[in-house]
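The next block holds one structure in the form of structure tokens; read it before the comments.
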Amino acid sequence: MSVFGEAALSAFLEPVSAKLLDSVLNFVADHRQVHQQLKLWQSILPEIKAVLNHAEEKQIKDEGVKNWLGDLQDLAYDVDDILDEFAYQELRLKLQKTQAQASSSKVRKLIPTCCTGGHFFPFSLMLNAKMISKIQAITDRLNSLNTRRSSLGLSEIMSQGATFKGKKPRLQPTSLMDGAVEYVGRANEKQEMLELLKSNNSDGVCVLSIVGMGGMGKTTLAQLVYNDPSIKESFDHNSWVCVSDDFDAVNLTKTILRSLDADSQDENDLNLLQVKLKEKLSGKRLLLVLDDIWNESYSDWTILRAPFGAGTKIIVTTRLQKVSSNVDSVKAFYLDKLLHHDCLSIFAQHAFKARNFDGHLQFKEIGENIVRRCNGLPLAAKAIESLLRTVMDHSEWEKVYESEIWELPEDPRGLIPALRLSYHYLPPHLKQGFAYCSIFPKYYEYEEEEIILLWRAEGFLQSKAKIQGKGLGNQYFQDLVSRSFFQISSKDKSRFVMHDLMNDLAQLVAGEICCRLEGEKQQKFSHRSRHSTYVIDDWYQSVKKFEAFYQMTSLRTFLGLMALRYQVFYLTKVVLEDLLPRLSYLRVLSLGGYEIYNLPDFFKNLKHLRYLNFSRTRINRLPNSLCSLYHLETLILRSCSKLKNLPSKIGNLVNLHFLDIRGAGSIERMPSGFDQLTKLQTLSNFVIGEGDGRLIRELKNLSNLRGNFCLSGLENVDGQDAREAKLNEKLGIDGLELQWGTDLENSTRKTEVEERLLDFLHPLKKLEQLIIENYGGVKFSSWIADSSLKNLSYLKLRNCKNCKSVQKIGVELFGENQLNPFASLEILSFESLPNWKEWDTCEGDEKVLKFPSLRELSIKTCPQLLGRLPTHLPSLQKLEIHSCTSLVVSISSFLSLCELSIQGCAELVDDCSSAAKELSSLQTLSLSNISKFNIPADRTMLRFGNSEHFEIDGWEELASLSRYGFSLVGHRFITVWGCPQLQSLEAEEAELEPDKISRVESLRIACCDRLNRLPQVLHELTFLTVMEIDNCRSLVSFAENNLPPNLEKLRIRNWENLEYLVDEKEDSKSMSSTLCLLEDLYIYNCPSLMSLSSKGRKNICNQLQLLEIYHCSKLSCLFSNTKFPITLKHLRIHQCPMLEYIAEEFEESACLESILFFRSGIKSLPRGLDKLIHLQEICLDWCSNLVSFEESGLLSTGFRDFKVIDCGNFGALPKCMASITSLRQLSVDNCSADISFPSEGFPANLTSLAISNAPKIYWSLVE
């Protein structure tokens, strides 16, 4: 047990002692021996609990006391398990009695008298010898501990931290800005880092390192830089990766790739991962933070950074100077300890919201002395101030300063005394919750609700006051946030994380009670371990991974943590069928994310279970034995898409607080019994099946429901049943979703029934969110316009196709005689309202302010909507109008817009009579299928000229951008799509100067049939890195003489008349020798293309890494001067029949990794295959001109895959085949009948050999 290993033992003993009430003693009264021993427990435990304060102080220096606390903690868990068993049996018998009394009298007569009496407890018959022996052993251990207590000299004392523990602290609320005070003392470093990151003077990867000891503020400085607004403008992608001890190139690359593309497929091949990452970053600028690196291997670092090129900036934080040297830092920032006045300033800001002690002179001297003990460490100053923030007693400050904890020997983890001290003075209940979080790996990010549910399952949320579990848990959680034990994630503001030193502290104080299984190494844990997690980091979890759990027979927490969310993982059946039934004391079980289809019936062994998570599994049914988990509080079935029904006896789960079935869309109906779940607080969805309408009445008893609640299947309910649900009495419901079935044409659905039903579903007045979907009535209820819904911030009406009264929305939404309707509404959405014809904005009354807080307005698929939108929406930031073909949209009043998307409207206008104002906040503009664009050109430029993302789609009449005031000026990402009449992007080349459009980084043009030229100035842009041209038939060449100087990625598709990528003019003075930076070139279906450059003088491939050409029937030449680019890694040629040669010879330093030819005229590969040391794959398919390979060899040590398929004239495999020891897959299919077995044989390490229609090879193998 660690030096603080009691981890708030008093907080744990409190509820254990509380369970030894008279009701428990009465429950075992029939068994005299057990009854006497429990009475003894009842008398001894308070005596032991009384000396815990003394033991906590004394164990710092007394090893005997420390061991005594460890033995006591272990015993306390065993006592709790026994008492929990009694509570389970008592609850079981109580339920049986209730069910028996509710049954027919005939059935009641069959129940023995002993089961129908006043106490209804035949429990004495169930106490087997094993249970009695265990109770006796606990009694013996308890007596021994009590005897040792006296010999150790432990007595009842007041805690030295009485002020800290006895008072409920009045903590300051936290916010995202709290971290700003940590800016003290690091301003110069931050500014210099920002300048280096935003500079454009690096040809390769730019690495900055931050070096310093733990708690010095390395991560904080990186966060300040990472979150700076100027950084967000300078990079296309930002990625934050926490490295810690596990420097694994595969997993780190996966994490980086997933941060850029959430839908990227799981892959364990490092080469493929890096290829994908390279492609994803092509033409993009990336800021990557690698936080907390410990690995000192230079080779590991070079492998990880391989995919990154120019445009990537990396920040590394580390405690080790050697790491900084290995990463080739452009500059290393060594963080020294803060000066005393800076450290003092941090302390004062957190403690007093001031820069110094001037307003609290009585604490000045003692405060300065405490800050000196923080030794210049920002984290130490912050931790101590969080401890003293609410303490205004000078003597308590002195106790902190004089604490012996400052003098403890240094911990191997580098824990600073201030952190130990801040933990030492935590209230017991917070100690307990914090220590439990040691089960999470470093940098694991968690949601507040996730932790609270686990705390409740473990029994940590005990309150004598009537505070519901989640409310109490929220209070505990926010207390730990305020005290800096938890902090907001820098990547996701809705999630939290522990500083790595705080994680070390949690491990220290939890001791052997909490453990976690990380990495591949086999680990042994103590038999005393009660809480454990393991990381799910491989697609298949074999039995070997779980061997350590077999020794933890008293385990309470079995929690799998996914390294990559939303991936598919498989679990060995041994865990389900053998391991879990052995872990009979589990409180928490999570198997979320596994491909589990069927569950063994093991729940009968898990009587103590409180938390069960099967989210994202494939289970189609839950065993009925699950309903015997009478203690179960949390059941998570989120995204169980195959699950059709909940267990029929769900009413037995009388302690259930939390039921989440979001995304379990196959559930057809709720079973009866929900009226028994009176403790239920969170119910994500209540599904009413056909013929089950009366079940909605069961909601009447669920008075504790809160948060978001969805009622679906409402087409099966009538109004009177809905009235009995009493939704308006559910005080905690904040969000309500009312869903009818999508089949509005069903003859069984009656409009008057659905209207009456909606009337009776009147929610509570405090409602914040309301969604109504597939409603079949012809009018809405009056309560929707009720002024009492003053908290409503989100309103969505979707697919209400029968609502004829919605022809004119006005009073129905605003109500009558309201001065400020929907004052709190921030998001308003209308979708699929086909009968809606007019929005009566009621704007004649200037006293009425409509939607003053509205930030987002979305109207989709309302084809009959006429007229105008409200003109005064002062807070509107996002406007979406889609498929409203009769609507006129005016943008004159929306001066705060950040995002504007108009698709399929009748007219877009700007009818402001005064001078137009610039939409300086506009970031994204998307215009599509607008029948009439009626905004003057000068106003267009002013309104839309500075949006970063500019997209035009499906504008058939558009012949010129400039005619309507559009330009390439001012935008970073431009897309022009589906404008068949467009002839040019800019009308007058002379007016388009490069310095005015230097922001353009990406240009995509598609389906513009009449576009006959690209602006010449485009090829002088210094920031342009990505271009895509698709289906622009009138363009003959992409560029004259030069490509844009920094173009890295080019995609060309379906370009009928393209003859040359670069058309070199004879006497052009603009011919440049500038190095071409093109890395990725993709050409598809350009039947006129003959060569990449017209004269062959311009080598546009000297930096090329990926070249893909498909369906170019006239292509006969690839590379100028027949030189193969040494940088090219992947070559893929499909259906280019005129291309017979690609180059004469491969260069010595060529980087080629894969060659693929399909249906091409290639006759032979270049000489020098033996020079390709990076080559991994050759695939030749339908290459009828190919006869053989040169005999110089294929000697790459990484060459793994060789396929020759349907090459009818290919007659000889290379003689050196046997020497290619790295080859794993070989396929020869439908080649020359004379192709024979290589004389030297095949490689010995082949894992796959496929031979088809090659008789000579076949018979050689048979022989």
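Counting with this note's numbering, you get residues 15 to 1277 for the letters of the sequence shown. Cβ coordinates follow ideal geometry from the N, Cα and C atoms, glycine included. Owing to the predicted nature of the structure, the values given are computational and were not obtained by experimental measurement.
Asked, Found
"Three-way DSSP call (helix, strand, coil) for Cys-129 in this model", "Reliability fails at Cys-129, whose pLDDT of 47 lies under 50, so the model's placement of it is uncertain and no value is given."
"C-beta atoms of Val-38 and Leu-52 nearer than 8 angstroms", "yes"
"Whole-angstrom distance between Val-255 and His-513, CA atom to CA atom", "14 angstroms"
"Whole-angstrom distance between Ile-1097 and Glu-1042, CA atom to CA atom", "10 angstroms"
"Contacting residues, own chain, Cβ-Cβ under 6 angstroms from Thr-692 (five flanking each side not counted)", "Asn-715"
"Endpoints, the alpha helix (DSSP H) within which Ala-1020 is located", "Ala-1020 -> not in any alpha helix (DSSP H); beta strand (DSSP E) instead, spanning 1016-1020."
"Anticipated Cβ contact below 8 angstroms, Leu-352 with Pro-392, distance rounded", "6 angstroms"
"Reference Arg-1146; option with closest CA among Glu-1191, Ser-698, Ser-642 and Val-1040", "Glu-1191"
"Nonlocal neighbours in the same chain, by C-beta distance under 6 angstroms from Asp-1336, ignoring five residues either side", "Nothing can be reported for residue 1336, as the shown portion of the chain is limited to 15 through 1277."
"Any chain B beta carbon closer than 8 angstroms to Met-684", "Looking at the structure shown, chain B is missing, and only one protein chain is on hand."
"Alpha-carbon to alpha-carbon, Phe-1052 and Lys-1336", "Only positions 15 to 1277 of the chain appear in this structure, which leaves residue 1336 out of reach."
"Helix, strand or coil at His-354 [DSSP, three-state]", "helix"
"For Phe-1172, the residue or residues it bridges with in DSSP", "His-1148 and Asp-1195"
"Contact between the region 411-421 and the region 379-393 (3+ Cβ pairs under 8 angstroms)", "yes"
"Residue nearest to Leu-633 in terms of C-alpha spacing, selected from Trp-420, Asn-1199, Asn-309 and Glu-609", "The displayed chain sequence assigns Ile, not Leu, to residue 633. With distances taken between Cα atoms, Ile-633 lies closest to Glu-609."
"Cβ shell of Ser-338 (< 8 angstroms), same chain only, five flanking positions each side left out", "Ser-223, Val-225, Val-330, Thr-332 and Ala-346"
"Outcome for Gly-1175 when other beta-carbon atoms lying within 10 angstroms are tallied against a minimum of 16", "buried"
"Same chain, Cβ closer than 8 angstroms to Ser-897, five either side skipped, listed in chain order", "Lys-874, Thr-875, Cys-876, Pro-877, Gln-917 and Gly-918"
"Segments of 4+ residues assigned as alpha helix (DSSP H) that fall wholly inside the region 683-742", "733-739"
"Residues near Ala-1268 in its chain [Cβ-Cβ closer than 6 angstroms; skip 5 each side]", "Val-1242 and Ile-1249"
"Close-in-space but distant-in-sequence residues of the same chain around Asp-88 (CB under 7 angstroms, 5 per side omitted)", "Arg-542"
"Cross-strand partners of Lys-327 (DSSP beta bridge)", "Cys-220 and Leu-301"
"6 angstroms Cβ shell around Cys-1131 - same chain, five flanking residues per side excluded", "Ser-1105"
"Alpha-carbon spacing of Lys-268 relative to Tyr-1124, whole angstroms", "30 angstroms"
"Buried or exposed by the 16-neighbour rule on C-beta atoms within 10 Å, applied to Val-523", "buried"
"Candidates Leu-594, Ser-1102 and Ser-158: closest to Val-1050 by CA position", "Ser-1102"
"Where the beta strand (DSSP E) through His-963 begins and ends", "963-967"
"Beta-carbon spacing of Ile-841, Arg-869 below 8 angstroms", "yes"
"Beta strand (DSSP E) runs contained entirely in the region 565-633, provided each spans 3 or more residues", "571-576, 602-604 and 625-627"
"With 16 other Cβ atoms within 10 Å as the buried cut-off, status of Met-230", "buried"
"CB contact flag (Leu-141, Val-48, <8 angstroms)", "yes"
"Simplified DSSP assignment, three categories, for Gln-73", "coil"
"Close Cβ partners of Asp-773 (< 6 angstroms) along its chain, the five nearest in sequence each way excluded", "Ser-795"
"Contained alpha helix (DSSP H) runs [length at least 4] in the region 355-409, N- to C-terminal order", "378-387 and 392-402"
"Sequence-distant residues of the same chain with beta carbon closer than 6 angstroms to Leu-1170, five excluded per side", "Arg-1146 and Cys-1193"
"Cross-strand partners of Glu-913 (DSSP beta bridge)", "Lys-892 and Thr-938"
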